[in-house]
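Notes follow the structure.
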Amino acid sequence: MARVLEPLRPLVSLLLQAPAPAETAEAATNIAASAGTGPEIAALIQDAVVDRRLVSYALVHSGVVDEVGEITRAAPLLLAQAHAMVAMSLEEGWELVLTVPAFLTESLNEMSRDNGGPGLPLDTGRTIRHVAESARSQLVIAAPYLHPSFAATVAPALSTLTKAGGTGTVITRALGRSAPDRSNANVAAVKVLRGAVSSAGGELRVCSWDESGLGIHFKVVLADDQLAYIGSANLTPGGTRAHAEAGMLLRGSRVKALSRWLHVVADELARRS
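Going by my numbering, the first residue of the sequence shown is number 1120, and it counts up by one from there.
Here you go:
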């Protein structure tokens, strides 16, 4: 059975990028079941995912459409199977997330060709944006090193979240004027995030380690106790684009445990400051 479903994995990986993966997969299945067209299915998925350019390839690879984009007779069944795979992944699961610098690009391409095609693994920068944009009630951003350009990429999601009544929390280090090695980049990044939240009429909780030593070293972006990036990448241009980094996109009950720990850390930092 696993071998039969293998061609669907690139499509499933793309569907999991959507803010509502199961609903997107179900809508695509309904289009196919009601005599819809290949372009309608492609447009639906492209509007919901980050890697839009991979959608056509994944649909052909899965057998949902043919080489000219026409829907196949097997499309309703294949999309129903993809929907089921998405639902299972959302319950408990993780996916590999990488930052791949230029010198490793060809190695990644070879790995992808040998192990399931497009959509595997996920890209760090895109995954973090996806997590931020999926937040509906809370978003936690935690890293020892931030950068204003990173802050600008997630600021719109944070603004939308807080405008709707959600909460945002940042956990980092070296923000205080008395910090031994105050970080101008962290200060500037937090200023961007505060500005986005303030313009939306919300508030941002910021917690900083301002004592000696590194103090905070985890890198996490977490949404709603349901979805989280956790990995080695700092939230900087280097971590999300230039350095070789590895992490995971985590779903399910494990995220709640991680969320509880982050809030314990935030409370202790607030107490110490």
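Note that the Cβ used here is the ideal one computed from N, Cα and C, for glycine as well.
{"query": "Any 3 or more C-beta pairs closer than 8 Å across the stretch 1275–1282 and the stretch 1247–1254", "result": "yes"}
{"query": "Pick from T1281, D1343 and K1310 that is closest to A1319, judged by C-alpha positions", "result": "T1281"}
{"query": "N-terminal and C-terminal residue of the alpha helix (DSSP H) that Y1176 is part of", "result": "V1174 to S1181"}
{"query": "Coarse secondary structure for I1164, derived from DSSP in three states", "result": "helix"}
{"query": "Beta carbon of G1244 nearer than 8 Å to that of R1370", "result": "no"}
{"query": "Counterpart residues of D1344 in DSSP-defined beta bridges", "result": "Its beta-bridge partners do not exist; DSSP assigns none."}
{"query": "Other residues of its chain near M1204: CB distance less than 6 Å, five sequence neighbours each side excluded", "result": "V1131"}
{"query": "Straight-line Cα distance separating A1308 from G1285", "result": "20 Å"}
{"query": "For T1355, the three-state DSSP class (helix, strand or coil)", "result": "coil"}
{"query": "F1337 versus I1349: straight-line alpha-carbon distance, rounded", "result": "8 Å"}
{"query": "Sufficient close CB pairs (3 or more, under 8 Å) joining the stretch 1220–1235 to the stretch 1346–1364", "result": "yes"}
{"query": "Residue range of the unbroken alpha helix (DSSP H) whose run includes E1387", "result": "S1372 to R1391"}
{"query": "Spatially closest choice to L1265 from A1293, R1248, A1177 and A1304, by CA coordinates", "result": "A1304"}
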